[in-house]
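Comments concern the structure below.
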């Protein structure tokens, strides 16, 4: 297998310029501890044989000790699956895969049964996955059992059936019904083809294998790329059910490639940087949080590492930010993708360039010292030409023994962004108020920008304010920080910010208040001054309050712009408002009760007067009918009128209009009838009297 | 002097003749006149009260005054219709007029009571 893989990866020896920066960390102890966390079995056993296999394989690759109870439970489930006659090809496949690591014994009878069942599955397979599981199972049982006679009778036929699922773009379909093709299926198909070739009793036609090679090359045409040089395979997300994700897809393709390369004698002619890009992709994942992704990452890196010909070498950097103050040294580690040992080599610093500049290298080409205790290559002192700022350092690996050149793939020059920080000296800082015309200094004060300041100045609109200081890097050069601002804040919270310009090391800002009067909205009064100097490379960035200045500006004219409204304290604007107490309408002034009562009495007086007048006139009831029937009517008539008046009193006191109308309708009806009878009786009586 | 005296005498003579003429009116008409006087008086007292204390519950004042005035008006109508010397209403039996008077009064007082508040 190693020799085959040699043919496949020998192209990686061709040194190709690697343009992108390569900052990937190899597998480390954090991976191991995460693996132990992720692959904890639920109540002692995993949910499925697939997961058992993944856990065992991951532990095997990372070199984590197998726990005996884990192995025991794995063996139990394996023997269960193997012994059961209802296990599908998929179950058998994963059981055998897990067994290849757990190494439990399978008895002869069971293995015979498995072989016959899998052979039957091969003949009866219709979809890609059926072929995969059955052929894969046969390959595994061939290694594990003592049976020598595991062959595929019609290997070429099976080969062709699997090949029938391929598409012209190098991808494979899952079955003849499903038109969707994917790179994941391509990886599975390649593994299956590799299994068929290894199980074939007679040689398979070489032309068939060549067509597979072409499919692989076409598959690699669809590879996708990240900016940092990582390459990966991904399928279109058509049906969420079938979509596997870039990690699973890429690792499936890589497994298929590795398996296929192991069985063919031919050279696959794949470009070296593609393989390196795949390694970068898997290292760039970091430490995955999902068990499946973790297994895929580790398994793929093991595929890349296990070849004995070209093992990619990775440069890793414990820190890419160096501090001149602490006298940090640049440390570089070299290892394989899984963090294993590398042969003796030297790391050379080929050049260092200032970020964004295309000038010549700032340092000469030099070798880094190898420290045996830490296993790192160290550049002890940063050259004097490296000042604070960001740089791109270019490294190269030089292997000591020529024979290692065939085994390891060291890539080409690696570019790494390195930031250097340091303490910036701030000197000669002073603030002065100058007279505008003559430029003579009215008042000048020294500032200590590192400590506290409480300067108090005053100026009017005819004067200027000058602030100046010097910035020097640790190496004595001039430094231009990202931020150098002077802020003036008025008592009413209106702020103005000015950028401090520089020429070389000297930073100076002159505020001519004559020109700034309108910008300041003619606000006179006390202004607080604040200076900000900051940069990513500056370890002592500062934001200091300098003090305050009393500004005397002229009065604002009519049309002057108003200062912008300052943000209101949100609680006062959005908080609860003052409670409104409802002011009820003041009740009208009523007259004193005695007056009202007096007038009530006075109103009764005319009624009394009427009654007395009636008596004086000599009213009598002589015309009241005497006969019983008319008398009843007459009585009822008067009672009826009285009842209606009483109803009106009730209406005023208690009832509402509708109730009153209802009762009135009722009483009115009676009254009309009765009234009609008595009045017609009276009319008849008086007519009789007149005629008589 | 004689003219002023005659005016005064004339006024006195006028008054006396009115009194004697009025004494000749039938009693039922006098009852009605008395009723009208009573109603107007009541109205006047209410107006005086309002003038003193202000018109705050104006609806009450209006309903009070209008009830008095309304009933007075209805009584005057009744008097016109019942008066035998009035040729226009010769054929209208006085009972009928009285029934109208009662009915209209009841309706008026319903409205007044509603407006009284």
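Protein chains in written order, with UniProt numbering: chain A, 1 to 692; chain B, 1 to 117. Positions of the beta carbon are idealized from the N, C-alpha and C atoms, including for glycine. The structure displayed is predicted, hence computed values, not measured ones.
Classification of residue i by the beta-carbon crowding that lies within 10 angstroms, buried from 16 upward
| i | result |
| --- | --- |
| residue 91 of chain A | buried |
| residue 103 of chain A | exposed |
| residue 136 of chain A | buried |
| residue 52 of chain B | exposed |
| residue 27 of chain B | exposed |
| residue 15 of chain A | Bear in mind that the predicted position of residue 15 of chain A carries a pLDDT of just 35, short of 50, making it unreliable; the figure below should be weighed with that in mind. Residue 15 of chain A comes out exposed. |
| residue 149 of chain A | exposed |
| residue 604 of chain A | exposed |
| residue 620 of chain A | exposed |
| residue 22 of chain A | Its pLDDT being 48, under 50, residue 22 of chain A is placed unreliably by the model, and nothing is read from it. |
| residue 624 of chain A | exposed |
| residue 637 of chain A | buried |
| residue 62 of chain A | buried |
| residue 414 of chain A | buried |
| residue 477 of chain A | exposed |
| residue 299 of chain A | buried |
| residue 6 of chain B | exposed |
| residue 211 of chain A | exposed |
| residue 550 of chain A | exposed |
Contacts that residue i makes with chain B (C-beta to C-beta distance below 7 Å)
| i | result |
| --- | --- |
| residue 613 of chain A | 34 |
| residue 641 of chain A | 102 |
Nearest candidate by alpha-carbon position, reference residue i, set the options
| i | options | result |
| --- | --- | --- |
| residue 59 of chain A | A:677, A:37 and A:500 | A:37 |
| residue 318 of chain A | A:157, A:296 and A:417 | A:417 |
| residue 274 of chain A | A:250, A:362 and A:551 | A:250 |
| residue 629 of chain A | A:544, A:681, A:291 and A:107 | A:681 |
| residue 472 of chain A | A:435, A:168, A:425 and A:434 | A:425 |
| residue 199 of chain A | A:512, A:155 and A:173 | A:155 |
| residue 145 of chain A | A:187, A:243 and A:96 | A:96 |
| residue 676 of chain A | A:657, A:640 and A:644 | A:640 |
| residue 532 of chain A | A:514, A:495, A:564 and A:487 | A:487 |
| residue 381 of chain A | A:420, A:361 and A:438 | A:420 |
| residue 404 of chain A | A:346, A:585, A:442 and A:126 | A:346 |
| residue 231 of chain A | A:193, A:282 and A:203 | A:282 |
| residue 523 of chain A | A:495, A:89, A:504 and A:505 | A:495 |
| residue 197 of chain A | A:120, A:138 and A:244 | A:138 |
| residue 339 of chain A | A:433, A:291, A:393 and A:305 | A:305 |
| residue 220 of chain A | A:450, A:683, A:321 and A:187 | A:187 |
| residue 264 of chain A | A:191, A:291, A:333 and A:235 | A:191 |
| residue 510 of chain A | A:485, A:518 and A:504 | A:485 |
| residue 76 of chain B | B:92, B:44 and B:97 | B:97 |
| residue 352 of chain A | A:376, A:692 and A:395 | A:395 |
| residue 182 of chain A | A:215, A:357, A:328 and A:692 | A:215 |
| residue 601 of chain A | B:36, B:86, B:49 and B:19 | B:49 |
| residue 349 of chain A | A:336, A:369 and A:357 | A:369 |
| residue 134 of chain A | A:692, A:253, A:93 and A:583 | A:93 |
Presumed contact (8 Å Cβ cut-off) between residue i and residue j, rounded CB distance
| i | j | result |
| --- | --- | --- |
| residue 65 of chain B | residue 47 of chain B | 7 Å |
| residue 30 of chain B | residue 617 of chain A | 6 Å |
| residue 218 of chain A | residue 256 of chain A | Between residue 256 of chain A and residue 218 of chain A the Cβ distance is about 14 Å, and since that is not below 8 Å, they are no contact. |
| residue 388 of chain A | residue 474 of chain A | 7 Å |
| residue 463 of chain A | residue 513 of chain A | 6 Å |
| residue 285 of chain A | residue 342 of chain A | The pair is not a contact, with the Cβ atoms about 22 Å apart (cut-off 8 Å). |
| residue 545 of chain A | residue 453 of chain A | 7 Å |
| residue 384 of chain A | residue 397 of chain A | With 8 Å as the limit, residue 384 of chain A and residue 397 of chain A do not qualify as a contact, their Cβ atoms being about 26 Å apart. |
Contact list for residue i against chain A, beta-carbon separation under 7 Å
| i | result |
| --- | --- |
| residue 93 of chain B | 683 |
| residue 116 of chain B | 652 |
Interface partners of residue i on chain A, CB under 9 Å
| i | result |
| --- | --- |
| residue 27 of chain B | 617, 618 and 619 |
| residue 65 of chain B | Result: empty, since nearest Cβ-Cβ is about 12 Å, beyond 9 Å. |
| residue 30 of chain B | 613 and 617 |
DSSP bridge partner residues for residue i (one or two, in chain order)
| i | result |
| --- | --- |
| residue 174 of chain A | Its beta-bridge partners do not exist; DSSP assigns none. |
| residue 65 of chain B | DSSP, once it has assigned bridges, lists no residue as partnering residue 65 of chain B. |
| residue 712 of chain A | In the structure as shown, chain A starts at 1 and stops at 692, and residue 712 of chain A therefore has no counterpart that could be examined. |
| residue 472 of chain A | A:425 and A:478 |
| residue 389 of chain A | A:420 |
| residue 484 of chain A | A:533 |
Where residue i meets chain A, residues with beta-carbon distance less than 8 Å
| i | result |
| --- | --- |
| residue 75 of chain B | Near residue 75 of chain B there are no residues of chain A at all, since even the closest Cβ is about 11 Å away, more than 8 Å. |
| residue 72 of chain B | By Cβ distance, chain A contributes nothing, its closest Cβ being about 11 Å from residue 72 of chain B, past 8 Å. |
Neighbouring residues, chain B, relative to residue i (Cβ below 9 Å)
| i | result |
| --- | --- |
| residue 648 of chain A | 106, 109, 110, 112 and 113 |
| residue 714 of chain A | This structure cannot speak to residue 714 of chain A, because chain A is shown only from 1 to 692. |
The ligand MG heavy atom lying under 7 Å from the CB of residue i
| i | result |
| --- | --- |
| residue 424 of chain A | For the structure depicted, the ligand MG is absent and the ligand set is empty, with no information on it obtainable. |
Listed by chain order, chain B residues near residue i by CB distance under 8 Å
| i | result |
| --- | --- |
| residue 575 of chain A | By Cβ distance, chain B contributes nothing, its closest Cβ being about 43 Å from residue 575 of chain A, past 8 Å. |
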